[in-house]
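Colleague: Questions regarding the structure given below will be posed in turn.
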Amino acid sequence: MSLVGCPHLSSFKASKGTRPYRIIQSYFVYCCSPENRKRKATACLCHICGSHGERLHSCLHCVFFGCYSRKHIQDHAKSKRHHLAVDLSYGAVMCFICGDYVYDRDLEYIAREVKTKAAKSIGMKHALYCPWEPTQREVELLRKNPKRRKITENSTIGLRGLINLGNTCFMNCIVQALTHTPLLRDFFLSDKHNCEQKRSGQCLVCEMSRLFQEFYSGLRSVHIPYRLLHLVWTHARHLAGYEQQDAHEFFIAALDVLHRHCKGMNGNANTNPNHCNCIIDQIFTGGLQSDVTCQNCHGVSTTIDPFWDISLDLGPSNITPTATSNNSSTSNSSLTTISDHGNLFNGDISSSSLLSQAIESPTSLLDCLRRFTKPEHLGSHAKIKCCKCQSYQESTKQLTMKKLPIVACFHLKRFEHSNKFRKKISTYISFPNELDMTPFMSPYRRQNGLNNNIQEMDIFSTSENKYTLFAVVNHIGTIDSGHYTCFVRQHKDQWFRCDDAVITKVAQQNVLDSEGYLLFYHKQVLEYE
Amino acid sequence: MADYPDRKVRDAQMRATINQKLVETGEKERLKELLRTKLIECGWRDQLKAYCKEVVRQKGLEHITVDDLVAEITPKGRALVPDSVKKELLQRIRTFLAQQSNI
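These protein sequence lines map, in sequence, to chains A and B.
Taking UniProt numbering, the leading residue of the first sequence gets 1, the next gets one more, and so forth.
Taking UniProt numbering, the leading residue of the second sequence gets 1, the next gets one more, and so forth.
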């Protein structure tokens, strides 16, 4: 195996140049136009046996295609003394005298150039995978800093206790969950935040950046998050003071402030509130589809709203589900589309019979999600003007997942506030380590209603809808006073319990058996953009 | 049994037609790229790379050809592809074929 070409290829290049290679490459290996693809589809067949598989090669000296597996290209090379051939699947050059593929810098550059062009022509310029090759500067930096930090199985990097600054466990548990969010960690550790107001000391994103550096510095001592607390007090006044606060409320407030401070840096924030590309929105924002079906004409009116978390009811009655919209100003400008024909699957026959079923208290996260995405009859006291038949009618409403976020946060509504009573629901709600969101996706759920046919689901199910648990926030105590702790996942499957300054290793089963309040799931597979 | 060779011919023709469609539309390249990323993500590429290095080290860089290497790693390479990846690719191919009206 030669790394610097071979004498036979060199003499070929000297007499004929690289043009024959470029022609084969751009017409038959990586096609850059529909015409070329069409030609490749019909012409790339072995000239001896007519097959298209079997490792087809093209002769570099003349017009001849032959398959390698059945030795047709070898026979041609021998009889015609044409010793160089190009593999038509990958573009590598074979030298039959040397008996192996040979690598030539000039030809490799041509191959890469043609390949990129071809990928663009079928619209996958972003998806193309290129292995990382350090630039001159990066090589220099690596040489100057020879110390490498290697994360081993039992490394504790990333684990740090947090001092309780006076009823601030609601903040500490969310900080633990955020610092263990894989994508957020990657963003901050690769120093991606370029702050416009660097010296003001007011940017919460900068503070998060510092916090991540602290957490992953390798230090094991307790961290005191006083700067973070001060910034939270400044930017979210309703959370200021030494009273007990709700961890969920803090989580949403923190995302909101982070999102606002990120906006300052990408400048075009005001142009479209629905398409913010800040790191918070990239990771946490999903799209919730709401379909309102008129019972009179079966016209469906669809709206899609962004969300950062899903709040799930635990009580037995049929309370309206809610999703926290990430910004009150954006929800007004949400997209609205009206489909012009009724959906038969969602007609009154199926949904009303489903609704008449007794609704029991959910016992698992899946129960909660099924209830959340169930068609709900809005009743005679809540008539809505139908956009299609222009009259006030009873209707059904159904919420489904239009776009899944990378991190899905589920908020189990354990604290019940009504005008009659305030109480905490301490029922055990089971939740899985791996979660498939397919049954709650708009296309699947709208078609199948409550019919949970597993085989049907298989068709819709892709790894893109699968999630893994990575953090759980727990609340111990009553509605008036209590304490928050958090479980976080480290490495692939190690779990740790963070109780302010104390961190202990626990088994996964402890996590799954706990009384979860906030559940954080991370997508297993990320799409490329 | 009489129609068996006939069916074999038909199958081969079908395969050729499908291949032609996949190439013509560029879908084959997209599928290849998808497969590549999926195999990288699940660690298959790293596993195979490590195994290749070991084989090359054993036989010596001067004495090994690509063909030797291919013959050596193919069984292991095939066995290590996760079922989920195969399923996803199959799914994509099915979807593609369903969209083609003239096959």
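Beta carbons are placed, not taken as given, at the ideal position from N, Cα and C, and that holds for glycine.
#1: Is the separation between the beta-carbon of His52/A and that of Gly66/A shorter than 8 Å?
#2: For a cutoff of 8 Å on Cβ pairs, would you count Arg37/A as touching chain B?
#3: For the stretch 20-35 of chain B, which residues have a beta carbon sitting closer than 7 Å to at least one beta carbon of chain A?
#4: So if I threshold CB-CB distances at 7 Å, which residues from the stretch 85-101 of chain A count as touching chain B?
#5: Are three or more beta carbon pairs between the stretch 174-182 of chain A and the stretch 486-500 of chain A nearer than 8 Å?
#6: So for Arg94/B, helix, strand or coil by DSSP?
#7: Excluding the five sequence neighbours on either side, which residues of its own chain have a C-beta within less than 8 Å of the C-beta of Ser361/A, listed in chain order?
#8: On a Cα-Cα basis, can you pick out the residue from Gly166/A, Gly286/A and Asn277/A that is closest to Leu229/A?
#9: Would you kindly work out how many angstroms separate the C-alpha atoms of Thr320/A and Gly161/A, rounded to a whole number?
#10: Just to confirm my understanding: we take Thr95/B, look at its own chain, exclude 5 residues before and 5 after, and list those with CB closer than 6 Å. What are they?
#11: Residues of chain A with a CB under 9 Å from the CB of Val66/B: which are they?
#12: Should Arg7/B be labelled buried (16 or more other beta-carbon atoms within 10 Å of its own) or exposed?
#13: Taking 8 Å as the cut-off, does the stretch 508-516 of chain A touch the stretch 391-408 of chain A (at least 3 CB pairs, one atom from each stretch)?
#14: Would you mind telling me which residues of chain A sit closer than 9 Å to Ala16/B, beta carbon to beta carbon, in chain order?
#15: Check Gln494/A in the structure and name its three-state DSSP category.
#16: Quick one: residues in its chain with C-beta nearer than 6 Å to the C-beta of Val114/A, no 5 flanking neighbours on either side, listed in chain order?
#17: Throw me the rounded Cβ distance for the Arg227/A and Glu214/A pair, which I believe falls under 8 Å.
#18: So Thr468/A and Asn433/A are supposed to be a Cβ contact under 8 Å. How far apart are they, rounded?
#19: Could you work out which residue in Glu527/A, Gly287/A and Ile476/A is closest to Ala408/A when comparing CA atoms only?
#20: Give a yes or no on whether 8 Å exceeds the smallest Cβ distance from Glu72/B to chain A.
#21: How many whole angstroms separate the CB atoms of Leu399/A and Phe372/A, which I take to be in contact at a CB cut-off of 8 Å?
#22: What are the boundary residues of the alpha helix (DSSP H) that includes His57/A?
#23: Return the residue from the list Ser200/A, Val205/A, Gly201/A and Leu183/A that minimises the CA-CA distance to His193/A.
#24: At a Cβ cut of 9 Å, what residues of the stretch 103-123 of chain A count as close to chain B, listed as they run along the chain?
#25: Just checking: is the beta-carbon of Glu41/B within a distance shorter than 8 Å of some beta-carbon in chain D?
#26: Going by C-alpha to C-alpha distance, which of Arg30/B, Ala16/B and Cys42/B sits closest to Gly123/A?
#27: Just to confirm before moving on: does the CB-CB distance between Ala284/A and Leu239/A stay below 8 Å?
#28: So the candidates are Glu33/B, Thr25/B and Leu22/B; which of them puts its Cα closest to the Cα of residue 530/A?
#29: Report the rounded CA-to-CA distance for Cys262/A versus Thr504/A, giving the unit in angstroms.
#30: Name the residue from Ser101/B, Arg36/B and Glu62/B whose alpha carbon lies nearest to the alpha carbon of Cys98/A.
#31: Under the assumption that Val102/A contacts Cys6/A (Cβ atoms under 8 Å), give the Cβ distance between them as a whole number of angstroms.
#32: Hey, which unbroken runs of the alpha helix (DSSP H) at 4 residues or more fall wholly within the stretch 210-261 of chain A?
#33: Between the alpha carbons of His491/A and Leu45/A, how many angstroms are there, rounded?
#34: Using the rule of at least 16 other Cβ atoms within 10 Å of the residue's Cβ for burial, across every protein chain shown, is Phe421/A buried or exposed?
#35: Run through DSSP, which three-state label would Tyr392/A get?
#36: Could you spell out where the alpha helix (DSSP H) holding Trp44/B opens and where it closes?
Modeller: Put simply:
#1: Taking the first residue of the first sequence as 1, we reach residue 52/A at position 52. Taking the first residue of the first sequence as 1, we reach residue 66/A at position 66. Not a contact, by the Cβ cut-off of 8 Å.
#2: In the first sequence, residue 37/A corresponds to position 37, counting from 1. Yes, contact with chain B.
#3: Gln20, Val23, Glu24, Gly26, Glu29, Arg30 and Glu33
#4: Gly99, Asp100 and Tyr101
#5: yes
#6: Your numbering for residue 94/B matches position 94 in the second sequence. Three-state result, Arg94/B: helix.
#7: Translated into positions along the first sequence, residue 361/A becomes position 361. Correct list, in chain order: Leu314, Gly315, Pro316 and Thr427.
#8: Locating residue 229/A in the first sequence gives position 229, counting from the first residue. For Leu229/A, the nearest C-alpha among the options comes from Gly166/A.
#9: Your numbering for residue 320/A matches position 320 in the first sequence. Your numbering for residue 161/A matches position 161 in the first sequence. Per-residue confidence for Thr320/A stands at a pLDDT of 45, beneath the threshold of 50, marking its modelled position as unreliable; the derived number appears in the next sentence. C-alpha separation (whole angstroms): 38 Å.
#10: Position 95 of the second sequence, counted from the first residue, corresponds to residue 95/B. Correct list: empty, nothing qualifies.
#11: Walking along the second sequence from the start, residue 66/B turns up at place 66. The answer, in chain order, is Met1, Ala92, Met94, Asp100 and Tyr101.
#12: Walking along the second sequence from the start, residue 7/B turns up at place 7. Residue burial annotation: Arg7/B is exposed, with fewer than 16 other C-beta atoms found within 10 angstroms of its C-beta.
#13: no
#14: Start at 1 with the first residue of the second sequence, and residue 16/B comes out as number 16. Within 9 Å Cβ-Cβ: Leu45, Gly50, Ser51 and His52.
#15: By one-based count along the first sequence, residue 494/A stands at place 494. Collapsing the DSSP output to three states places Gln494/A in a strand.
#16: As a first step, residue 114/A must be located in the first sequence, where it is residue number 114. If we look at Val114/A and ignore the five residues flanking it on each side, its Cβ neighbours are Gln25, Ser26 and Tyr30.
#17: Here residue 227/A corresponds to residue number 227 of the first sequence, with the count starting at 1. Here residue 214/A corresponds to residue number 214 of the first sequence, with the count starting at 1. Contact between Arg227/A and Glu214/A does not hold, since the beta-carbon distance rounds to 10 Å and is not under 8 Å.
#18: As a position in the first sequence, residue 468/A is number 468, starting the count at 1. As a position in the first sequence, residue 433/A is number 433, starting the count at 1. Indeed they touch by this definition, with Cβ atoms about 7 Å apart.
#19: Stepping through the first sequence from its first residue, residue 408/A is reached at position 408. Between Ala408/A and the set Glu527/A, Gly287/A and Ile476/A, the nearest pair of CA atoms involves Gly287/A.
#20: For this step, residue 72/B is matched to residue 72 along the second sequence. By this cut-off, Glu72/B is not an interface position.
#21: Looking up residue 399/A in the first sequence gives position 399. Looking up residue 372/A in the first sequence gives position 372. Leu399/A to Phe372/A, Cβ: 6 Å. Contact.
#22: On the first sequence, position 57 is the one that residue 57/A refers to. Not the alpha helix (DSSP H): His57/A falls in the beta strand (DSSP E), residues Leu56 to Cys59.
#23: Translated into positions along the first sequence, residue 193/A becomes position 193. If we check each option's Cα against that of His193/A, Val205/A comes out closest.
#24: Ala118, Ala119, Ser121, Ile122 and Gly123
#25: Chain labels in this structure do not include chain D; the protein chains are A and B.
#26: Counting from 1 along the first sequence, the entry for residue 123/A is found at position 123. Closest by alpha carbon: Arg30/B.
#27: Within the first sequence, numbered from 1, the residue matching residue 284/A stands at position 284. Within the first sequence, numbered from 1, the residue matching residue 239/A stands at position 239. Inspection of the sequence shows that residue 284/A is occupied by Phe rather than by Ala. Going by C-beta atoms, Phe284/A is not nearer than 8 Å to Leu239/A.
#28: This structure cannot speak to residue 530/A, because chain A is shown only from 1 to 529.
#29: By 1-based counting over the first sequence, the position of residue 262/A is 262. By 1-based counting over the first sequence, the position of residue 504/A is 504. The straight-line gap from Cα to Cα measures roughly 34 Å.
#30: Along the first sequence, read from residue 1 onward, the residue named residue 98/A stands at position 98. The option with the nearest alpha carbon to Cys98/A is Glu62/B.
#31: Locating residue 102/A in the first sequence gives position 102, counting from the first residue. Locating residue 6/A in the first sequence gives position 6, counting from the first residue. Going by Cβ atoms, the distance from Val102/A to Cys6/A rounds to 5 Å, so yes, they are a contact pair.
#32: Taken in chain order, the complete alpha helix (DSSP H) segments of 4 residues or longer contained in the stretch 210-261 of chain A are 226-235.
#33: The sequence position of residue 491/A within the first sequence is 491, counting from 1. The sequence position of residue 45/A within the first sequence is 45, counting from 1. Rounded to the nearest angstrom, the gap between the Cα atoms of His491/A and Leu45/A is 49 Å.
#34: Position 421 of the first sequence, counting from 1, holds the residue named residue 421/A. With fewer than 16 other Cβ atoms within 10 Å, it is exposed.
#35: For the purposes of this step, residue 392/A is taken as residue 392 along the first sequence, with counting starting at 1. In the three-state scheme derived from DSSP, where H, G and I count as helix and E and B as strand, Tyr392/A is classed as strand.
#36: Numbered from 1 along the second sequence, position 44 holds the residue referred to as residue 44/B. Trp44/B -> alpha helix (DSSP H) spans Trp44 to Lys59.
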